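A.B. asks: Structure provided below as structure tokens; questions to follow.
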């Protein structure tokens with residue numbers, strides 16, 4: 060069968076011309092311009108004859124008409140790339156009826172869409188026809204190509220659209236529109252009075268007649284107008300886009316594609332399949348933004364978004380893991396720091412316990428008790444003396460405890476007279492730029508007229524055993540402080556810092572020890588000679604006992620160290636090794652302490668120490684020879700102070716014994732003679748505990764107390780109590796080969812202190828000596844910034 064021919068029909072209402080295939084002969088149509096319904100003539104016009112006028116159709120029959128196309132030239136546009144290809148169906152016998160639902164003839168092909176002007180509104184969307192079951196699909200006749208305007212270029216030959224398939228039964232036919240496209244087409248609002256026939260024609264409106272524009276359906280680049288809900292609710296108005304009010308234009312594309320057959324020059328084609336991804340999307344463009352074409356999930360960035368979200372979640376998870384790890388490490392560091400602090404506090408408490416003076420346990424006391432009893436603890440009942448009486452060993456020394464004679468020499472001290480008169484004037488007066496509580500030690504000058512005075516003071520107190528700062532200040536012969544000569548260092552919080560000074564015409568050297576390590580300075584040149592020297596590095600026994608004292612030897616290049624167990628070591632700073640060692644027997648760690656049971660002689664020629672009730676004087680020279688050894692025939696419970704006057708020299712020792720729970724304090728003096736016997740005096744209770752001992756001018760022995768200094772005189776081998784010198788408040792005391800040095804608060808400036816030196820013997824020493832032989836109380840005198848007053 061040949062291709063169907065095309066006829067021209069004019070609308071009886073507006074005289075508009077339309078094209079129609081010969082299959083439309085005798086059928087009803089509707090004008091798309093004026094909306095007038097008419098019937099296509101049943102006979103073809105003669106060639107070259109004018110268009111056959113159409114017969115109008117009554118209004119009652121206009122509901123079942125088809126829309127007609129105008130006879131305008133149509134520009135061919137290639138079909139969209141994403142439309143499904145038409146599937147050919149088997150051909151059937153032609154039917155004589157023009158009814159499209161009569162399957163005795165081939166179904167008419169879709170007519171080509173007439174071209175419309177730019178100012179003409181597009182026709183309203185046509186609902187998709189309902190599929191009708193048929194015994195067999197029928198082939199469609201190919202529609203004749205649309206007329207082409209001479210001015211427009213010839214369209215490219217394109218495949219003809221496949222006939223609309225019909226459904227047989229419930230299953231959709233091959234090539235049928237998708238259910239979603241059918242639903243979209245079904246939901247489009249139908250124009251009032253429009254026919255269900257998709258091939259209805261209509262003519263142009265009459266002149267001056269106002270025609271309402273139908274809803275515009277933009278293919279590929281705009282969305283369908285919203286449809287009314289099935290329940291009868293009003294449809295939501297369509298959002299305006301950038302193309303409203305403007306001629307329809309195809310969306311820009313990198314590669315222009317030709318429009319499919321039956322598409323007008325402006326891109327409008329009402330006969331294309333509604334089953335397109337763009338129309339199925341159903342999303343209206345936002346106001347102010349141009350409509351966008353449909354894109355698949357991969358083109359619209361769905362995969363990129365999924366990867367981006369996964370990456371963000373992964374980064375967040377990694378961040379949480381890092382934060383958790385950091386918090387865990389911080390907690391570990393805090394715990395370690397807390398453990399370290401607790402360990403340091405425990406070590407500090409142990410050091411304080413070790414520094415406490417020990418005592419001899421009374422007979423019958425439980426073993427292992429080597430500390431002073433807690434004063435807050437309730438008093439323990441005195442143990443009964445065992446029968447028979449036997450000497451009891453001292454605490455850990457293996458020696459018996461010292462038992463004092465029943466009859467000891469004793470004395471008393473009188474009160475200070477209400478009126479005092481000047482007696483002795485000081486030979487040296489220096490004002491220190493430090494308050495008395497800050498001063499730890501005074502090192503007198505070897506020559507007050509030419510040499511400097513050095514003072515060890517605390518510039519910053521310790522907090523929890525840390526942060527203490529000590530400094531050595533230098534004062535010239537005129538009493539001025541040499542500011543740039545200060546030597547400052549970190550202390551270890553000890554009550555009695557380990558420090559010594561060696562001053563002579565050849566130089567001034569300063570030695571101090573912190574945490575068991577020695578450091579030596581040249582004071583004049585302000586230069587370190589040795590730093591952090593560990594004298595017990597290769598002697599673990601001495602290291603466990605700990606360092607008790609360190610002094611310069613007669614040679615400043617060597618240092619004498621004494622452990623808390625009494626071991627004496629001569630250490631050479633240049634060789635950085637010990638060159639001699641003396642270890643007394645019965646030594647117990649913690650029993651020897653600086654200022655209590657160990658001292659250095661004037662001139663640094665020897666050191667004296669008390670170990671297990673035995674007094675030793677050891678020369679500070681190679682091989683450390685023992686110059687003197689004096690056995691008290693028993694160990695003491697506590698030492699208060701030990702001093703030696705020279706090498707060899709007189710010895711002064713203050714201690715305490717414990718007899719059956721009764722404590723007695725005593726002072727022992729040993730003359731310089733080899734065969735001299737020691738002299739012991741019972742300490743007066745009214746003076747308090749002794750705080751230290753020292754020698755001045757070789758013959759004057761001083762015992763420091765809370766009230767002042769109690770003096771003893773060793774004249775011609777007679778060790779006799781002499782006099783009490785006491786300040787108005789408190790003081791710090793020292794002695795050398797010439798003078799008695801005392802430091803008291805400044806009388807007018809609280810932030811300063813006054814250092815004075817009195818020569819010995821005192822001017823009234825002969826008068827003071829008469830009191831003890833006559834069984835009279837010793838004289839009490841006053842020391843002040845102006846000297847001695849009596």
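Numbering (the working numbering), first residue to last: 60 to 849.
Beta carbons are placed, not taken as given, at the ideal position from N, Cα and C, and that holds for glycine.
Remember, it's a predicted structure, so these values are computed and weren't measured experimentally.
#1: Taking the alpha carbon of residue 463 as the reference point, which residue from 814, 643, 722, 827 has its own alpha carbon closest?
#2: What three-state label does DSSP hand residue 595 in the structure shown?
#3: Find the nearest neighbour of residue 812 within the set 771, 650, 803, 819, judged by alpha-carbon distance.
#4: Apply the 10 Å Cβ neighbour rule to residue 363 and answer buried if 16 or more other Cβ atoms are within range, or exposed otherwise.
#5: Could you work out which residue in 483, 72, 456 is closest to residue 823 when comparing CA atoms only?
#6: Going by beta carbon distance, what residues of the same chain come within less than 8 Å of residue 749, once the five residues before and after it are set aside?
#7: Compute the Euclidean distance between the alpha carbons of residue 654 and residue 770, then round it to the nearest angstrom.
#8: Measure the alpha-carbon distance for residue 808 versus residue 832 and round it to whole angstroms.
#9: Quick one: residues in its chain with C-beta nearer than 6 Å to the C-beta of residue 625, no 5 flanking neighbours on either side, listed in chain order?
#10: Identify every residue that forms a DSSP beta bridge with residue 730.
#11: What are the complete beta strand (DSSP E) segments, minimum 3 residues, inside the stretch 555 to 611?
#12: CB-CB under 7 Å to residue 470, same chain, minus the five flanking residues each way: which ones, in chain order?
#13: Does the stretch 509 to 521 come into contact with the stretch 395 to 408, if we say contact requires no fewer than three beta-carbon pairs (one atom in each stretch) closer than 8 Å?
#14: Within 10 angstroms of the Cβ of residue 260, are there 16 or more other Cβ atoms? Answer buried if so, exposed if not.
#15: Distance, Cα to Cα, residue 664 vs residue 477?
#16: Between residue 510 and residue 547, what straight-line distance do the alpha-carbon atoms span, to the nearest angstrom?
#17: Tell me the rounded alpha-carbon separation between residue 591 and residue 572.
#18: If you drop the 5 nearest sequence neighbours on each side, which residues of the same chain put their C-beta closer than 6 Å to that of residue 304?
#19: Look at residue 816 and residue 487 and say whether their C-beta atoms are less than 7 Å apart.
#20: Between the stretch 553 to 570 and the stretch 493 to 506, do at least 3 Cβ pairs fall closer than 8 Å?
#21: Evaluate contact between the stretch 531 to 544 and the stretch 603 to 612, counting only Cβ atoms and requiring at least three cross-stretch pairs below 8 Å.
#22: Give the DSSP-derived three-state secondary structure of residue 190 in the structure shown.
#23: Should residue 688 be labelled buried (16 or more other beta-carbon atoms within 10 Å of its own) or exposed?
#24: Any idea if residue 472 is buried or exposed, counting beta-carbon neighbours within 10 angstroms, 16 or more meaning buried?
#25: I believe residue 754 touches residue 702 by the beta-carbon criterion, under 8 Å. Please report the beta-carbon distance rounded to the nearest angstrom.
#26: Answer yes or no: do residue 678 and residue 686 have a C-beta to C-beta separation smaller than 7 Å?
#27: At the level of alpha carbons, what is the spacing between residue 776 and residue 716?
#28: I'd like to know whether the C-beta atoms of residue 767 and residue 785 end up nearer to each other than 7 Å.
#29: Please report the distance separating the alpha-carbon of residue 368 from that of residue 361.
#30: Helix, strand or coil, according to DSSP, for residue 851 in the structure here?
#31: On the premise that residue 728 lies in contact with residue 461, defined as a C-beta separation below 8 Å, what is that separation, rounded to the nearest angstrom?
#32: Per DSSP, residue 618 is paired with what?
#33: Can you give me the Cβ contacts of residue 708 inside the same chain, cut-off strictly under 7 Å, excluding the 5 residues immediately before and after it?
#34: Which class does residue 293 belong to by DSSP, given the choice of helix, strand or coil?
#35: Could you check where the alpha helix (DSSP H) with residue 86 kicks off and where it finishes?
#36: At what residues does the beta strand (DSSP E) containing residue 840 begin and finish?
C.D. replies: Let's see:
#1: 722
#2: coil
#3: 803
#4: exposed
#5: 483
#6: 699, 700, 713, 724, 726, 742, 762, 763, 764
#7: 18 Å
#8: 42 Å
#9: 643, 646, 651, 668, 670
#10: DSSP lists no partner for residue 730.
#11: 557 to 563, 566 to 573, 576 to 581, 586 to 592, 606 to 611
#12: 740, 743, 780, 831, 837
#13: no
#14: Only weak support exists for where residue 260 lies, its pLDDT of 45 falling under 50; the coordinates are left without a value.
#15: 44 Å
#16: 21 Å
#17: 8 Å
#18: Because residue 304 sits at a pLDDT of 47, beneath the cut-off of 50, its placement in the model cannot be relied upon, and the following sentence gives the value as read from the coordinates. There are no such residues.
#19: yes
#20: yes
#21: no
#22: Note that residue 190 scores 49 on pLDDT, short of 50, meaning its location in the model is unreliable; the coordinates nonetheless yield the value given after this. Note: residue 190 maps to coil in three-state DSSP.
#23: exposed
#24: buried
#25: 5 Å
#26: yes
#27: 25 Å
#28: yes
#29: 11 Å
#30: No information on residue 851 is available, as it lies outside the stretch 60 to 849 that the chain covers here.
#31: No, residue 461 and residue 728 are not in contact; Cβ-Cβ is about 16 Å, not under 8 Å.
#32: 611, 630
#33: 660, 731
#34: Only weak support exists for where residue 293 lies, its pLDDT of 41 falling under 50; the coordinates are left without a value.
#35: Segment: none, residue 86 is in no alpha helix (DSSP H) and carries neither H nor E.
#36: 838 to 843
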